[in-house]
Amino acid sequence: MPADTAAVRAYVEAQAQGTGTIQGRVYKPATKEYVNNAEVRLEGTGQITYSESDGSFRFSNVPAGTANITVSFIGYNTAKESFTVAAGQTAVRDINLISTAAAAARRFPMSRKPVTRSTRNCPTHFMVAAPTTPATRR
0 MPADTAAVRA YVEAQAQGTG TIQGRVYKPA TKEYVNNAEV RLEGTGQITY
50 SESDGSFRFS NVPAGTANIT VSFIGYNTAK ESFTVAAGQT AVRDINLIST
100 AAAAARRFPM SRKPVTRSTR NCPTHFMVAA PTTPATRR
């Protein structure tokens, strides 16, 4: 083996010892389905992948330590997760997505109070004038 090849191999092995893998699946609990084609980003690296049809994703050669990912999918809130990556190990987790409609419903629940027709407390700029009709003669 030439000296240059041995040096490159030693470098790659040294780097591999300080890295691990992140893998998981993107899931929609409301529909009990895994998500295909969700965007998964490994923050601070520029690495992006997309979930497979079974919701799975994977990042290899992630530096050991804390790693953060964000998962985006149209119609759902962006999910952010933090992983602890150990050298030579795989950190595994399912990421749950919550629809934007469901999240809004939790923040602004519908009132069960009956609606009244009173305009006493209604600001005038919200009131709409009734259409006018010609007076009828008797």
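Per numbering that gives the first Met the number 0, residue 0 is the first one in the sequence shown, and the count goes up by one each step. Think of the CB as a built atom: it goes at the ideal place given N, C-alpha and C, for glycine as much as any other residue. Small disclaimer: the values here were computed from a predicted structure and weren't measured.
Euclidean distance between Cα positions of residue i and residue j
i	j	result
Asn36	Gly23	13 Å
Ile47	Leu41	6 Å
Gly17	Ile68	19 Å
Ala86	Arg57	16 Å
Val61	Ala100	34 Å
Gly64	Lys27	28 Å
Glu51	Val34	8 Å
Phe82	Gly54	18 Å
Gly74	Gly43	25 Å
Arg92	Glu80	9 Å
Thr30	Ala66	28 Å
Cut-off 6 Å between Cβ atoms - residues of its own chain near residue i, not counting five sequence neighbours on either side
i	result
Ile97	Asn76
Val70	Val25, Ala37, Val39, Ala78 and Ile94
Ser59	Thr20
Host beta strand (DSSP E) of residue i (start-end)
i	result
Ser81	Ala78 to Val84
Ala66	Gly64 to Ser71
Thr48	Gln46 to Tyr49
Val39	Glu38 to Leu41
Val25	Thr18 to Lys27
Ile94	Thr89 to Asn95
Residues near residue i by beta carbon distance below 8 Å, same chain, minus five either side
i	result
Tyr49	Asn36, Ala37, Glu38, Val39 and Phe56
Gly45	none
Phe72	Val25, Val34, Asn36, Ala37, Glu38 and Leu96
Cβ shell of residue i (< 7 Å), same chain only, five flanking positions each side left out
i	result
Gly19	Val61, Ala63, Val84, Ala85, Ala86, Gly87, Gln88, Thr89 and Ala90
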